[in-house]
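Residue numbers (numbering that gives the first Met the number 0), protein chains in the order written: chain A, 0 to 307; chain B, 0 to 329.
We treat Cβ as the ideally placed atom computed from N, Cα and C, and that holds for glycine.
Since this is a predicted model, take the numbers as computed values, not measurements.
Let me begin by presenting the structure, written as structure tokens, before commenting on it.
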Amino acid sequence: MEPLLAYRHVRLIRRFEERLVGLKTDGLILGSMHLCNGQEAIPVGACACLEQRDALTVTYRGHGWAIARGLPLAQLFAELQGRASELSGGLGGSPYFCSARHGFLGENSIVGAGVPIAMGAALASYFDGSGSVSLVAIGDGALNQGAVHEGLNMAGTMRLPLVVVVENNVYSELTPVRDMIPTATLVERAPMYGMAPATIDGNDVDAVESAVRQAVERARSGGGPSLIEAHTERLVGHYDLDPQHYRPAGEIEDAMTREPVGRLRSVIGDAEADRIDDEVEQELDAAVAASHNVPFPTTESVTEHLYA
Amino acid sequence: MQTLPETRELTYMQAVTEAQRWALETYPEAIVFGEDIGLPGGPYGSTKGLRKAFGERVFDTPISESAILGGAIGAAMRGRRPIVEIMFADFFLVALDQLVNQAANVRFLSRGEFTAPITVRSQQGFTPGSCAQHSQSLEAIFAHTPGLRIGLPADAERAYTMLRAAIASDDPVIVVESRALYQQKREVRLGGPVEAVGGARVVREGSDVTIVSWSRMVGEALTAADRLAERGIRAEVVDLCWLSPLDMGTVLDSVRRTSRLVIAHEANLTGGFGAEIAARVVTDGFDLLDAPIGRVGAPDIRVPASPALQQALMPNSESIVAAVDRLASF
Ligand SMILES: Cc1ncc(C[n+]2csc(CCOP(=O)(O)OP(=O)(O)O)c2C)c(N)n1
């Protein structure tokens, strides 16, 4: 991806989430949020490979994926404030963004549950012959949930057009993933499910884009599913109020030297970056302002969409 | 020589920790495991310090609920006494097989030759901004399953006492805590005799109406009783504590004194455990009633994130007072 554009996207996601922290401090958002600070390059690189017809399913840490998939910022801000957004009408909040019109099957706060669902989207594509691909993002820890194994196995057995991106941010909530899996890497599970493996630097937009593009093409042409392990680091807590006692001193500072926003800034230079920063702030100002005009839901809305 | 029990002011969460500490000290076969419960001390802090004190008997697991529950069953069948945590009750649903098809059948199918003395801790309920897959009240599923025991402590003292009873029991017992109550404090008598699983409590005496409740709604029932008292209505509040085994004697005795009954829970109304209590009171105590039975629960909804909606829809002391008022016309 063109570096100016890549910078714009990662910066937008970073600042979107930083704005959320501010909105929460102002009492406009209640409940916990799982921020993707540091992981922005993965959704940006991956979504660049998806077409409108493709399906996307992600984790509760999915603000970046929603933005990269093009969901409207004002509606995202509104949803987070519990307003009657065009997304979930305020009923979902931070971990359940979804939008049919964007092929965004949604976030999910049950770890790993998105894998069988994404496999099902790939199954639909298999039957309707649409050539659409299903991409699912999960965390490293999610690879241990039983439903994930079932979903991967079925995708591999049927050679479904599924791309699984594992965002390996080192931690499963508060526990380092290396203490939770017996193998040296996550991706070595791929062959046993008949999936093509890849390991990439998840902080490098181009590396993400090229690996995902290869996997998407493979899926679209009937080559079957792929499992991509993208290495990255969380620059913030597991959720927004996490005191992170479990993290060694200096770890985040060290990760800051590798994170995607700073990395792309050094590629494009400060002058261009500053210019883009200004545009991003204006876009976010406008979106926050627009979100404040979205009304709050009525209590009836809670039963409106339970049944056809 | 027996040491005297010590009384300390504890939060609900600390009471849960103390009960587990007691278990690890009392039963050499006790082990404690779950996601993030070892070194980090639990996502809410309810296992804080246990790993340090007891070493590898307290350990972290992968995000693998089926393995946590099934592992507890197998270990229990081979002599351990596992205490495991399912972080949110909603996550039971990814591993329900291990509880409903497996744990509940161990004693039954082996004619008692095998037992599964496992304790499963979890927590549930609405809190401001809590999300749709982290807020459900699922106790009716477990109460519906013969072979499982389930209790829902309403305060720190109950949390300590009921968790010890669960751990001492030789059956699979589920103790569902209330996240909303974790920081509430109360005097808790540590040590002392271990209660058996089961038994309800009258937490406030009254003569005009009985309010039966459990978990967090007991506090709401007590607040409702205060409001009603201002208007001269004396409500008796029963904390059911355990849905299985169910202590209907305490409920019927109370209805005998008051002739009116309201049942209040946080779970959805339809198929909620309140319906079971109502049916039993009608069957076994029809002549005790002067009015229909009132039921209070969440209005058959998926849980909305919007805090304004949660507040509007959560059953609370006001809905309990309104239910009592509806009975007053009879
Ligand atoms: C089935 C299930 N079990 C446990 C949880 C609690 N939980 C939420 S996030 C999380 C850690 C997930 O780690 P990982 O998959 O690595 O994703 P990350 O948070 O690092 O993005 C856990 C255990 C859950 N939401 N769902």
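With a threshold of 6 angstroms, establish whether the CB of residue i neighbours any heavy atom of ligand 3.
i: A/Ala146; result: Questions concerning ligand 3 fall outside what the structure shown contains, since the ligands it does hold are ligand 1.
Consult DSSP for residue i and reduce its assignment to one of helix, strand or coil.
i: B/Gly296; result: strand
i: A/Asn167; result: strand
i: B/Pro81; result: strand
i: B/Asn267; result: strand
i: A/Val235; result: coil
i: A/Ile137; result: strand
i: A/Lys23; result: helix
i: B/Arg120; result: strand
i: B/Glu28; result: coil
i: A/Asp200; result: strand
i: A/Ser252; result: Checking the sequence, you will find Glu at residue 252 of chain A rather than Ser. It is helical.
i: B/Val217; result: helix
i: B/Arg203; result: strand
i: A/Ser265; result: helix
i: A/His230; result: strand
i: B/Arg230; result: coil
i: B/Val99; result: helix
i: A/Gly105; result: strand
i: B/Glu112; result: coil
i: B/Ile140; result: helix
i: B/Lys47; result: coil
i: A/Ala54; result: strand
i: A/Gly92; result: coil
Give me the Cβ distance between residue i and residue j, rounded to the nearest whole Å; I'm assuming they're in contact under 8 angstroms.
i: B/Glu5; j: B/Leu162; result: Actually they are not in contact, since the Cβ atoms of B/Glu5 and B/Leu162 sit about 17 angstroms apart, beyond 8 angstroms.
i: B/Asp207; j: B/Thr160; result: About 29 angstroms separates the two Cβ atoms, so there is no contact after all.
i: A/Asn202; j: A/Arg257; result: 5 angstroms
i: B/Ser351; j: B/Thr222; result: Within the shown structure, residues of chain B are numbered from 0 to 329, placing residue 351 of chain B beyond reach of any answer.
i: A/Val293; j: A/Ser84; result: 6 angstroms
i: A/Gly81; j: B/Ala304; result: 6 angstroms
i: B/Ile117; j: B/Ala71; result: 4 angstroms
i: B/Tyr11; j: B/Leu180; result: 5 angstroms
i: B/Val201; j: B/Thr249; result: 7 angstroms
i: B/Leu49; j: B/Leu68; result: Wrong, their Cβ atoms sit about 20 angstroms apart, outside the cutoff.
Would residue i be called buried (16 or more neighbouring beta carbons within 10 Å of its own) or exposed?
i: B/Ser136; result: buried
i: A/Met311; result: Since the displayed chain A opens at 0 and closes at 307, residue 311 of chain A lies outside it and no answer follows.
i: B/Val339; result: Since the first residue shown for chain B is 0 and the last is 329, residue 339 of chain B is missing from the structure and cannot be characterised.
i: A/Lys23; result: buried
i: A/Tyr306; result: exposed
i: A/Gly223; result: buried
i: A/Glu278; result: exposed
i: B/Glu55; result: exposed
i: A/Leu240; result: exposed
i: A/Glu78; result: buried
i: B/Phe32; result: buried
i: A/Val211; result: buried
i: B/Ser129; result: buried
i: B/Arg157; result: buried
i: B/Gly273; result: buried
i: B/Pro192; result: exposed
Positions along the region 71-83 of chain A whose CB lies within less than 7 angstroms of some CB in chain B: Gly81
Residues of the region 290-319 of chain B whose Cβ lies closer than 8 angstroms to any Cβ of chain A, in chain order: Pro298, Asp299, Ile300, Arg301, Pro303, Ala304, Ser305, Pro306, Ala307, Leu308, Ala311 and Leu312
Segment contact flag, the region 169-189 of chain A with the region 215-231 of chain A, C-beta cutoff 8 angstroms, min 3 pairs: yes
Stretch pair the region 231-241 of chain B + the region 94-106 of chain B: three plus CB contacts closer than 8 angstroms: no
Interface residues of the region 223-237 of chain A facing chain B [CB-CB below 9 angstroms]: His237
Interface residues of the region 2-33 of chain B facing chain A [CB-CB below 8 angstroms]: none
Short-range partners of chain A found in the region 122-133 of chain B, where Cβ spacing is below 9 angstroms: Thr126, Pro127, Gly128, Ser129, Cys130, Ala131, Gln132 and His133
Cβ-based contacts, 7 angstroms cut-off: residues of the region 129-146 of chain A near chain B: Gly140, Ala141, Asn143, Gln144, Gly145 and Ala146
Near-chain A residues of the region 70-90 of chain B (beta-carbon distance less than 8 angstroms), N- to C-terminal order: Asp89 and Phe90
Validate contact between the region 32-42 of chain A and the region 8-16 of chain A using beta carbons, cut 8 angstroms, 3 pairs: yes
At least three beta-carbon pairs within less than 8 angstroms, the region 0-15 of chain A to the region 55-75 of chain A: yes
The region 295-302 of chain A / the region 39-52 of chain A touching (three or more Cβ pairs under 8 angstroms): no
Residues within the region 54-67 of chain B neighbouring chain A, beta-carbon criterion of under 7 angstroms: Asp59, Pro61, Ile62, Ser63 and Ser65
Sufficient close CB pairs (3 or more, under 8 angstroms) joining the region 91-100 of chain B to the region 180-188 of chain B: no
Chain B contacts from the region 169-187 of chain A (Cβ-Cβ distance under 8 angstroms): Ser171, Glu172, Leu173, Thr174, Asp178, Met179 and Ile180
Cβ pair count under 8 angstroms reaching 3, the region 20-32 of chain B against the region 56-72 of chain B: yes
Members of the region 95-108 of chain B near chain A, C-beta cut-off 9 angstroms: none
Residues, ordered as in the chain, of the region 93-116 of chain A that lie near chain B by beta-carbon distance below 8 angstroms: Ser93, Pro94, Tyr95, Asn107, Ser108, Ile109, Val110, Gly111 and Ala112
Interface positions of the region 264-281 of chain B facing chain A (Cβ-Cβ less than 8 angstroms), listed along the chain: none
Proximal residues, the region 23-42 of chain A versus chain B, C-beta separation under 8 angstroms: Ile28, Leu29, Gly30 and Ser31
Near-chain B residues of the region 199-222 of chain A - C-beta to any C-beta below 9 angstroms: none
Contact set between the region 288-303 of chain A and chain B, restricted to residues whose Cβ is under 7 angstroms from the partner: Phe295, Pro296, Thr298, Val301 and Thr302
Cβ contact check for the region 49-56 of chain A and the region 100-108 of chain A: 3 or more pairs under 8 angstroms: yes
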